[in-house]
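Undergrad:
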Amino acid sequence: MLAIDESCRRLGLGTRLVRKAIERMEAQGCDEVVLETEVSNVNAQRLYSNLGFIREKRLVRYYLNGGDAFRLKLYFSPPVTVA
């Protein structure tokens, strides 16, 4: 889970944290990043969209409180090989 205190939002901290995590996963050879975010959390959706995530599907009643989620994915480009 990633959360930024309300008093520290809109400073780019969330973007920097997610970028660092993405860089680390890519360096470790991951093919993709998958996450879920609440349908009602438009700020998180905007952040992830700006980082290249795409909405894969809606997960109905995903959370214990009955809330829906979106599954988001970020695909890493396959490495280019020169023959």
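Just so you know, we're using UniProt numbering here: the sequence shown kicks off at 1 and counts up by one. We treat Cβ as the ideally placed atom computed from N, Cα and C, and that holds for glycine. Owing to the predicted nature of the structure, the values given are computational and were not obtained by experimental measurement.
#1: Should F70 and R55 be called a contact, given that it needs their Cβ atoms to be closer than 8 Å?
#2: Tell me whether the segment 58-74 and the segment 27-43 touch, counting them as touching only if at least three CB pairs, one residue from each stretch, are closer than 8 Å.
#3: In terms of residue numbering, what span does the alpha helix (DSSP H) encompassing E26 cover?
#4: Count the other CB atoms, across all protein chains shown, that sit within 10 Å of the CB of Y48; report buried if there are 16 or more and exposed otherwise.
#5: For V42, which of helix, strand or coil comes out of DSSP?
#6: Applying the criterion that 16 or more other CB atoms from any shown protein chain within 10 Å of the CB defines a buried residue, is V60 buried or exposed?
#7: If we ignore side chains and look at the alpha-carbon of each, how far apart do N50 and Q28 end up?
#8: Could you check if G52 is buried or exposed, using at least 16 other CB atoms within 10 Å of its CB as the buried criterion?
TA: In short, the structure shows the following:
#1: For the purposes of this step, residue 70 is taken as the residue at position 70 of the sequence shown. For the purposes of this step, residue 55 is taken as the residue at position 55 of the sequence shown. Their beta carbons are under 8 Å apart, which means F70 touches R55 by this criterion.
#2: yes
#3: As a first step, residue 26 is located in the sequence shown; it is residue number 26 there, counting from the start. Judged by DSSP secondary structure, E26 falls within the alpha helix (DSSP H) whose first and last residues are L13 to A27.
#4: Looking up residue 48 in the sequence shown gives position 48. Y48 comes out buried.
#5: Residue 42 sits at position 42 when you count from the first residue of the sequence shown. Helix, per DSSP.
#6: Taking the first residue of the sequence shown as position 1, residue 60 is located at position 60. That one is exposed.
#7: The residue you call residue 50 lines up with position 50 of the sequence shown. The residue you call residue 28 lines up with position 28 of the sequence shown. Cα to Cα, N50 sits roughly 23 Å from Q28.
#8: By one-based count along the sequence shown, residue 52 stands at place 52. Exposed, because fewer than 16 other Cβ atoms sit within 10 Å of the Cβ of G52.
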